[in-house]
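K.L.:
Structure incoming, see below.
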Amino acid sequence: MPKIITRKSNIRLKEYDYSQSNYYFITACCENKLKLFGAVINDEMVLNGAGKMVEQTLIEIPNFYHGLSLDTHIIMPNHIHAIIIIQNNKLTNNGQAQGPVPTYLSLSDIIHRIKTLSTKKYIDGVKNNGWPRFNKKIWQRSFHEHIIRDEKSLNNIREYIRTNPATWDRDIENPNNIDNIELNEIRV
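Just so we're on the same page, the working numbering is the position in the sequence shown counted from 1, plus 4.
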């Protein structure tokens, strides 16, 4: 059977500078929808050790970069949602990058650092705390983003993030979602 080659298209806006000051809504998902970070119980997200680590990593990222802050966020069983605020994010000397570093971080740079740091810490957790193993990588290759353009959108997204655990049973990222299972069966 011939090998099927799929091409991953760039989902970012071509002419948009993702290092410019703005509010960005991001979603980063675990590879293969693995539920590594906890569980939704009674419409509330209950983080396990790995979920607490990912949340701490996300919260600490702005400490390393001037002009970067975190608005609303949530760690779900197999993905994260966050509003990241970039305000002229010039790097400071306490950034942990090795070798030449860009003067400004783009949104992709920030997400890459969150994924890299949390993966390293997760591997340590597998070795030292018995966290579930994963196959090759924790995070999917890319991430979803939305440029927040006005206050109404910002408030709607904040509400979506806050109420995300209550809609977990219908969430597209939930591998137990009946609609999601039917959609996957159709794709096969």
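The beta carbon of each residue, even a glycine, is placed where N, CA and C say it ideally should be.
May I ask which residues mark the beginning and end of the beta strand (DSSP E) holding A86?
P.N.:
Here the question's residue 86 lines up with position 82 in the sequence shown. Looking at the DSSP string, the run of the beta strand (DSSP E) that includes A86 is 83–90.
K.L.:
Classify N92: buried if its beta carbon has 16 or more other beta carbons within 10 angstroms, exposed otherwise.
P.N.:
As a first step, residue 92 must be located in the sequence shown, where it is residue number 88. Exposed: under 16 other Cβ atoms inside 10 Å.
K.L.:
Can you look up D75 in the DSSP assignment and give me helix, strand or coil?
P.N.:
Position 71 of the sequence shown, counted from the first residue, corresponds to residue 75. In the structure shown, D75 sits in a strand (DSSP, three-state: E or B).
K.L.:
With H, G and I counted as helix, E and B as strand and the rest as coil, what does DSSP make of F29?
P.N.:
Mapped onto the sequence shown, residue 29 falls at position 25. Of the three classes helix, strand and coil, the one that applies to F29 here is strand, per DSSP.
K.L.:
Hey, out of L74, I45, F138, whose CA is closest to P169's CA?
P.N.:
Sequence index remark: in the sequence shown, residue 169 carries index 165 (1-based). The option with the nearest alpha carbon to P169 is I45.
K.L.:
Helix, strand or coil for M80 per DSSP?
P.N.:
On the sequence shown, position 76 is the one that residue 80 refers to. Three-state result, M80: coil.
K.L.:
Buried or exposed for Y27, going by 16 or more other Cβ atoms inside 10 Å?
P.N.:
Position 23 of the sequence shown holds residue 27. It is buried - the Cβ of Y27 has at least 16 other Cβ atoms within 10 Å.
K.L.:
Taking all protein chains shown into account, decide if N178 is buried (16 or more other Cβ within 10 angstroms of its Cβ) or exposed.
P.N.:
Here residue 178 is taken as the residue at index 174 of the sequence shown, counted from 1. It counts as buried.
K.L.:
Taking the beta strand (DSSP E) that I45 falls in, what are its first and last residues?
P.N.:
Stepping through the sequence shown from its first residue, residue 45 is reached at position 41. Where I45 is concerned, the enclosing beta strand (DSSP E) stretches over 42–45.
K.L.:
Cutting at 8 Å between CB atoms, please list the residues of its own chain near M57, excluding the five before and the five after it.
P.N.:
Mapped onto the sequence shown, residue 57 falls at position 53. Answer for M57: S122, K125, Y126, G129, listed in chain order.
K.L.:
Here's a check: name, in chain order, each residue in its chain whose Cβ is nearer than 6 Å to the Cβ of P66, leaving out the five neighbours to either side.
P.N.:
Here residue 66 refers to the residue found at position 62 of the sequence shown. Answer for P66: L72, S73, L74, listed in chain order.
K.L.:
Let's test the definition: count the other Cβ atoms within 10 Å of the Cβ of E59 and tell me whether it reaches 16, buried, or not, exposed.
P.N.:
To locate residue 59, count along the sequence shown from 1; it is residue 55. Flag for E59 reads buried.
K.L.:
May I have the straight-line CA-CA distance separating R191 from M49, to the nearest angstrom?
P.N.:
The residue you call residue 191 lines up with position 187 of the sequence shown. The residue you call residue 49 lines up with position 45 of the sequence shown. Residue confidence is low: R191 scores 34 on pLDDT, short of 50, so the model does not pin down where it sits. No coordinate-derived value is stated.
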